[in-house]
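Chains A and B, in that order, are what the protein sequence lines are.
The first sequence begins at 206 in the working numbering and counts up by one.
The second sequence begins at 845 in the working numbering and counts up by one.
Glycine is no exception: its CB is placed at the ideal position from the N, C-alpha and C atoms.
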Amino acid sequence: MSVDTRPPASVAAAAPTKSSESGMVGSSRNGHWWLYVILVLALVVVIAPFVWMVLGSFKGEGELRQIPPTWWPQQASLDNYTQLFSRLSFGTYFLNSTIVAVVVTAGNLLFCSMLGYALAMLEFRGKRFIFVAVMTTLMIPGVVTFVPLFVLVANVGLVDTLPGLFLPFLVAPFGVFLMRQFILGLPKDLLDAGRVDGAGELRIFRQIILPLCGPALATLGILTFLGSWNNFLWPLVVAQSETNYTLPVALALYSTGQNSTNYGLLLAGATVVIIPILVVFLVFQRRFIEGIATTGIK
Amino acid sequence: MSTSTAATAVPAPPGGSSNPPVKPAASKAGRREARAAWILAIPFCVLFFMFTAWPVVQSLFMSFTDTTSRDLKAPFDVDFIGFDNFTKALEDPVFRKAAINTVYFVLVGMPLTLALALAAAVALDKGITRFRSVFRLGFYIPVITSVVAVAVVWRFLLQDPGGLINSALGWVGITGPNWLGDPNWSMPSLIMMASWRNFGTGMIIFLAGLQGVPQSLHEAAAIDGAGAWQRFRHVTLPLLKPTMLFVSVTTAIGYLQFFEEPFVMTQGGPLNSTISVSMYTYNQFGFGNYGLASAMSYLIFIVIAVVTAIQFRLLRERT
């Protein structure tokens, strides 16, 4: 950790001598070789836990208990994974996580873009009130609402069901915020052009506005899917029988319960949670990072 | 980011000029527009009211009642007990310990995360020219992973005899502590993991912020003889202040609710040294003390609201 804290001061300290020599600031030099060394070391520290996790998931129990720990598996096997999917039902948990994430993402894309469009481009009574109400709840954390939410879900008999897992998350203030910001940036002439052509209001939204929202929808979709996949507190509260566990719930309960010392199994479980999202991330990484930067600043 | 702001600036005049002429004749069209708007707004509003707005209000209501799991069927058929839940929470030594732990987590974890994020961002922005996107991508990877999953992995990494971290420390002659087993080291262990996982978000936001620092200012300062450290201190840092405020507040808000780390890695132990307010709230909920749990979650909420208010205040003062 201490290695990582060094760069800012030292970057700053070393940059001037060289740039004053060349008489230019921010010239097209490739940077300092030692900075690359530090960054590569930092990158190793950041990535190593994942590499160790994946390699460890192929090791047997005996090897995982060796001191000092091994890096490469001595005898690689898929035993942990076969156990995960046969003895424990990680297939079911995987499916539950996927269903919940897909439904939650679809709901947010649809409902948040609808309201976002109405708030950005249409005039109606109550618009200001809705906007203020949604924005004030932007920062309210799940830990504040989970108790009454549980009572509500229990009263309609949805505890320990998949709808109970996804219904409360179908809409989120963040999505409205993002979509409204984006649609505000579209030319309002589009609306008038559509009306002149005789298109109904809803058709303008569906056929003119929505197709232009691609980048915002992609950002919202990715962030929502990710948030849902990693969500923990609510599924922990609502999913009570194993058939309704999501991946993080199953992993957390196994790791603190009867399988807490079954190292190989837990590492394989963590791999199953992390790798799919990592693949999604690597495919869409540009969108991801732009999304964070945009929503972060705005 | 830049495209969206540019776009908002450009279309405003045409939209503004074409709208007013339509308005007078538009009472019917206006009604049609309003009806369409409400059709678009209603699904969100219904779900939002049911699952966000109402629970926020009901949570406040419950925090003043003696609701328990036995009152599940009739949540309004309960007794008001005033501030009893709040005083009970604040007098509970375990809750106090949880509050102290949470403050510890925020006050140490937030600056550490911020420092790592800023260091990485400055190094990538000014220090190197090649492989930037590789480093950016790599440093960001932990952010997208499930806290539960990385907590499981880190529990093994931090094991006292035989963990990867203590073995690595052993190679350079350091005897590592019993990270998760020693009450003095358990909290630093969780903070270390949280900073490792979260600094990527701050880094990305700082990188965007650094792009807003005009190169000409740096050049002007350099011509005036300012060294790189001075330029960082007197040019970059002041211009980065709003970004820094934003990153610190969002990080603090996230850390105020930390839950998965102790749940998976320590179960709040040893000796309650890592129990957090969120975790204790969850435990009380598990015991069926819904009123008490609501009061505790509102205490977290109040702190978050105060932190957010301070941010808005500071941002307004600056602009």
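Between which two residues does the alpha helix (DSSP H) carrying residue i extend?
i: A:Val259; result: 238-261
i: A:Gly267; result: 266-269
i: B:Glu1105; result: 1104-1109
i: A:Leu395; result: 394-401
i: B:Ile1074; result: Checking the displayed sequence, the identity of residue 1074 of chain B turns out to be Gln instead of Ile. Start and end: 1072-1075.
i: B:Val890; result: 871-892
i: A:Glu328; result: Per DSSP, A:Glu328 belongs to no alpha helix (DSSP H) and is neither H nor E.
i: A:Trp434; result: 419-435
i: B:Glu935; result: 928-935
i: B:Pro1032; result: 1027-1055
i: A:Ala444; result: No alpha helix (DSSP H) holds A:Ala444; DSSP gives it neither H nor E.
i: B:His1062; result: 1059-1067
i: B:Gly796; result: Because chain B spans 845 through 1163 in this model, residue 796 of chain B falls outside it and cannot be assessed.
Apply the 10 Å Cβ neighbour rule to residue i and answer buried if 16 or more other Cβ atoms are within range, or exposed otherwise.
i: A:Ala473; result: buried
i: B:Val1150; result: exposed
i: A:Met340; result: exposed
i: B:Pro864; result: Confidence at B:Pro864 is low in this model, with a pLDDT of 43, below 50, so the placement of that residue is unreliable and no value is reported for it.
i: B:Gln1059; result: exposed
i: B:Glu1104; result: buried
i: B:Pro937; result: exposed
i: B:Glu1161; result: exposed
i: B:His1062; result: buried
i: A:Val328; result: One point to set straight first is that residue 328 of chain A is Glu, not Val, in the sequence displayed. Exposed, by the Cβ-count rule.
i: A:Leu458; result: buried
i: A:Val246; result: It is Leu, not Val, that sits at residue 246 of chain A in the sequence shown. Classification of A:Leu246: exposed, given that the 10 Å Cβ count is below 16.
i: B:Thr1110; result: buried
i: A:Phe410; result: buried
i: B:Gly1007; result: buried
i: B:Glu877; result: buried
i: B:Ala873; result: exposed
i: B:Tyr1134; result: buried
i: B:Ile1148; result: buried
i: A:Gly231; result: Residue placement at A:Gly231 is flagged as unreliable, the pLDDT there being 41, under the threshold of 50; a coordinate-derived value is accordingly withheld.
i: A:Arg491; result: exposed
i: B:Pro1082; result: exposed
i: A:Val488; result: exposed
i: A:Phe493; result: buried
i: A:Gly419; result: exposed
i: A:Gln412; result: exposed
If residue i sits next to residue j, beta carbons under 8 Å apart, how far is it from one beta carbon to the other, in whole angstroms?
i: B:Tyr1124; j: B:Ala942; result: 4 Å
i: B:Tyr1099; j: B:Ile1048; result: Incorrect: roughly 18 Å between the Cβ atoms, too far for contact.
i: B:Met1037; j: B:Val994; result: 7 Å
i: B:Phe1090; j: A:Val381; result: 20 Å between Cβ atoms; not a contact.
i: B:Gly982; j: A:Val251; result: 6 Å
i: B:Ala880; j: A:Leu407; result: 6 Å
i: A:Met384; j: A:Ser446; result: About 36 Å separates the two Cβ atoms, so there is no contact after all.
i: B:Gly1044; j: B:Thr1095; result: Wrong, their Cβ atoms sit about 12 Å apart, outside the cutoff.
i: A:Leu248; j: B:Ala967; result: Not quite, the Cβ-Cβ distance comes to about 11 Å (not below 8 Å), so this is no contact.
i: B:Ala1202; j: A:Thr342; result: In the structure as shown, chain B starts at 845 and stops at 1163, and residue 1202 of chain B therefore has no counterpart that could be examined.
i: A:Asn449; j: A:Thr366; result: 7 Å
i: A:Val358; j: B:Ile1144; result: Incorrect: roughly 21 Å between the Cβ atoms, too far for contact.
Taking residue i as the reference, give the member of the options with the closest Cα.
i: A:Ser262; options: A:Leu283, A:Val376, A:Leu244, A:Ile427; result: A:Leu283
i: A:Pro416; options: A:Ala338, A:Ala281, A:Leu315, A:Leu269; result: A:Leu315
i: B:Arg999; options: A:His237, A:Asn467, A:Leu246; result: A:Asn467
i: B:Phe1156; options: B:Ser1120, B:Ser1092, B:Ile1119; result: B:Ser1092
i: A:Ala338; options: A:Leu327, A:Gly347, A:Met326, A:Leu320; result: A:Leu320
i: B:Leu1158; options: B:Leu1001, B:Phe1107, B:Met1088, B:Ser1122; result: B:Met1088
i: A:Ala377; options: B:Trp882, B:Met894, B:Ala1153, B:Ile1144; result: B:Met894
i: A:Phe387; options: A:Ala423, A:Val361, A:Ala359, A:Asp365; result: A:Ala423
i: B:Asp1004; options: A:Arg270, A:Phe336, A:Phe430; result: A:Arg270
i: B:Asn945; options: B:Asn929, B:Ile1154, B:Phe1076, B:Trp1029; result: B:Trp1029
i: B:Trp882; options: A:Gly265, A:Ile335, A:Ala253; result: A:Ile335
i: A:Leu513; options: A:Val256, A:Trp276, A:Val259, A:Tyr286; result: Coverage of chain A is limited to positions 206 through 503, which leaves residue 513 of chain A absent and any answer about it impossible.
i: B:Leu960; options: B:Gly1130, B:Leu1051, B:Ala1139, B:Phe1131; result: B:Leu1051
i: A:Leu425; options: A:Leu260, A:Gly331, A:Val348, A:Glu495; result: A:Glu495
i: A:Val485; options: A:Pro440, A:Asn436, A:Cys418, A:Leu431; result: A:Leu431
i: B:Ser907; options: B:Arg914, B:Phe924, B:Phe892, B:Val947; result: B:Phe924
i: A:Leu260; options: A:Ala281, A:Phe374, A:Asn360; result: A:Ala281
What I want to know is whether the C-beta of residue i ends up closer than 7 Å to one or more non-hydrogen atoms of the ligand HEM.
i: A:Phe334; result: Looking for the ligand HEM in the displayed structure turns up nothing, as the structure carries no ligands at all.
Open item on the list: Pairs of beta-carbons, one from the segment 346-358 of chain A and one from the segment 280-295 of chain A, closer than 8 Å: are there three or more?
Closed with: no
Open item on the list: Three or more C-beta pairs under 8 Å: does that hold for the segment 295-302 of chain A against the segment 452-468 of chain A?
Closed with: yes
Open item on the list: Across the segment 300-314 of chain A and the segment 367-374 of chain A, are there enough close Cβ pairs to call them in contact, namely three or more that are closer than 8 Å?
Closed with: yes
TODO: Count the C-beta pairs between the segment 1115-1129 of chain B and the segment 1072-1087 of chain B that are closer than 8 Å, then say yes if the count reaches three, no if not.
DONE: no
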